[in-house]
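Asker: Just so we're aligned, residue 123 is where the sequence shown starts under this note's numbering, counting upward by one.
Every residue, glycine too, gets a C-beta built ideally from N, C-alpha and C.
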Amino acid sequence: MRSSRTSFYYAFRGIGCAFRQEHNLWIQALMAAAAIALGFILHISSLEWMIIILVIAGVFASELFNSAIESLVDLCSPEFDKKAGRIKDIAAGAVLVTALGALAAGLIIFIPKLAALL
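1. From C139 to N188, what does the alpha carbon distance come to, in whole angstroms?
2. Taking the continuous alpha helix (DSSP H) assigned at D196, which residues delimit it?
3. In the DSSP assignment, find the alpha helix (DSSP H) that holds F130 and state where it starts and stops.
4. Do you know whose CA, among E185, V219, D203 and D211, lies nearest I149's CA?
5. Looking only at its chain, what residues have a beta carbon closer than 6 Å to the beta carbon of E144, apart from the 5 residues adjacent to it on each side?
6. Please say whether A213 and I191 have beta carbons closer to each other than 8 Å?
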């Protein structure tokens, strides 16, 4: 049986691998950092922090699943295949839905606070 330390090692290695392969993860990390910085600047509530943290985690998790699905499809279908392309498109669509949900949550939280400063 694998130790917890070994499991964490492999999990972090997988995250690192995804960051090396997926440019979108860097963009999402930048957006997450901006949301966190804005949260500190605007002194958002504990509930708002929970929402921000959950949507950031959701976007990262969906992108990691998308990366894993893309790698698996590439392994199983190295040649171009319409069905393989459809699988990749659906996985990418899931990331888009998650990212749009995160954007909506961020706008709902931050716009009123920014408007109050004007």
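Answerer: From the atom records:
1. 13 Å
2. S168 to C198
3. S126 to Q143
4. E185
5. S189
6. Between I191 and A213, the CB-CB gap stays under 8 Å.
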